[in-house]
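Residue numbers (my numbering), protein chains in the order written: chain A, 1 to 165; chain B, 1001 to 1165.
Even for Gly, the Cβ is constructed at its ideal location relative to N, Cα and C.
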DNA sequence: AGTGAAAGAATGTGTAA
DNA sequence: TTACACATTCTTTCACT
């Protein structure tokens, strides 16, 4: 499951187009890539089967949902043992405020990306859901001024621009 | 983009279902929610128009694309002035290794989520694209052991409908 | 908000390279 | 095995109620 899959120029072209707009139809993809629509269908089905494409996700605007303030919480869990971090991870993932959770190297064991209504809501979250837990030794809160998505994720290598045309 | 949007129980139900599977058909949504398919279409179109739904994103597996190592880079930019950070942000966003970029409060000005091939690739990225830049005062690298998506993003509070700005 | 029809897309089958 | 054309089925979308 962690092994690389062989992707040719057509696969990469399709992935690049789908990352621009995940709702493109197979007709549109086919026209851009220069193959038949049914071939595009086969290619995408294969990418999905081999685990390159994990799924389709809806991107929502947190501000429009009453969660206009986002923050990253750096969390130290002590002691850092399986029987404590399992329940910790489960609990954090289940919070409606949590957007993403990372287990990291370094002085902070976890980074939690949260979206809340306002500073008072953030204070409540930190006090009631983090520092009140026995295994949480320290929480450092960093507000997010602004965030950006970055370019499409594509394989590294000498020819990142091998487009099929 | 900061206009108030009022979401009723049907909107929230649709959003919850679409976050579970962004490829659900309007027929399936309609059956689950208990309205006509065309009503679902109208609701989703409105959520899209009002900016609640920002778009559909393809979720890819970085490991399958030869980027099996992910890390978070905490970056200090000195001096932290507009004429320096504008080009910095543009450059980082354009890197094929960048997945997301955050401008933060706290001692580290930026957090960059990157996906690379291996530790040597990460070392090259840090040295050639970060510490070699004059405005980058410090880079702290934290490897990602594991990461999790969290539950659906929904409005806070006991009231099923609200307005947000 | 719901109904039904027309347009369009997804998907399976057969077939040739 | 891989790509393609075609046919069938299902979905989306729009005019009307």
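- As far as DSSP is concerned, residue 24 of chain A takes part in no beta bridge.
- Chain-order list of chain B residues neighbouring residue 60 of chain A: 1015, 1019, 1052, 1053, 1054, 1153, by C-beta distance under 8 angstroms.
- Interface annotation, residue 1146 of chain B: in contact with chain A, CB-CB separation under 9 angstroms.
- The contact set of residue 106 of chain A on chain B, defined by CB atoms closer than 7 angstroms, consists of 1142 in chain order.
- Taking a beta-carbon distance threshold of 9 angstroms, residue 1132 of chain B does not count as an interface residue toward chain A.
- Shown here, residue 86 of chain A sits in a helix according to DSSP, grouped into three states.
- Take the alpha-carbon of residue 1009 of chain B and the one of residue 1034 of chain B: they are about 12 angstroms apart.
- Taken through DSSP and simplified to helix, strand or coil, residue 1045 of chain B comes out as helix.
- The Cβ atoms of residue 1013 of chain B and residue 57 of chain A lie no closer than 9 angstroms to each other.
- When beta bridges are read from the DSSP output, residue 55 of chain A appears opposite B:1059.
- The C-beta of residue 1029 of chain B has 16 or more other C-beta atoms within 10 Å across all chains shown, which makes the residue buried.
- Its Cα nearest to that of residue 1073 of chain B, the residue B:1138 stands out among B:1138, B:1046, B:1080, B:1005.
- Flagged as an interface residue toward chain A: residue 1098 of chain B, by a C-beta distance shorter than 9 angstroms.
- Restricting attention to beta strand (DSSP E) runs no shorter than 3 residues, the region 1121-1150 of chain B encloses them at 1136-1149, ordered along the chain.
- Exclusion of the five residues before and after residue 1088 of chain B leaves 1077, 1110, 1133, 1135, 1136 as the residues of its chain whose Cβ lies within less than 8 angstroms of its Cβ.
- Against chain A, the beta carbon of residue 1115 of chain B has neighbours under 8 angstroms at 153, listed in chain order.
- Between residue 103 of chain A and residue 1146 of chain B, the C-beta gap is smaller than 9 angstroms, which places the two residues in contact.
- The residues 12, 15, 16, 160, in chain order, have a CB closer than 8 angstroms to that of residue 154 of chain A in the same chain once the five nearest residues on each side in sequence are set aside.
- From the beta-carbon of residue 1121 of chain B, the residues of chain A found nearer than 9 angstroms are 156.
- Collapsing the DSSP output to three states places residue 4 of chain A in coil.
- Within 10 angstroms of the beta-carbon of residue 38 of chain A lie fewer than 16 other beta-carbons, which makes it exposed.
- Residue 1013 of chain B sits in a helix when the DSSP states are folded into three classes.
- Shown here for residue 101 of chain A: same chain residues with a beta carbon closer than 7 angstroms to its own, the five before and five after excluded, namely 89, 92, 93, 110, 112 in chain order.
- Residue 144 of chain A sits away from residue 83 of chain A, with the two beta carbons spaced by 9 angstroms or more.
- Within its own chain, the residues whose Cβ lies closer than 8 angstroms to the Cβ of residue 50 of chain A, once the five positions on either side in sequence are excluded, are 5, listed in chain order.
- Scanning chain B for C-beta atoms nearer than 8 angstroms to the C-beta of residue 40 of chain A yields nothing, as the closest lies near 14 angstroms away.
- Proximity of chain B to residue 102 of chain A at the Cβ level (cut-off 9 angstroms) is accounted for by 1070, 1072, 1113, 1142, 1144, 1145, 1146, 1147, 1148, in chain order.
- Taking the Cα of residue 1152 of chain B as reference, the smallest distance to any Cα among A:79, A:21, A:148, A:98 is reached at A:98.
- Just so you know, the alpha carbons of residue 31 of chain A and residue 81 of chain A end up roughly 53 angstroms apart.
- With 16 or more other Cβ atoms from the protein chains shown falling within 10 Å of its own Cβ, residue 1067 of chain B counts as buried.
- Residues of chain A with a Cβ closer than 9 angstroms to the Cβ of residue 1033 of chain B do not exist, since the nearest Cβ in that chain sits about 15 angstroms away.
- Under the Cβ criterion of 9 angstroms, residue 1081 of chain B is not counted among the residues facing chain A.
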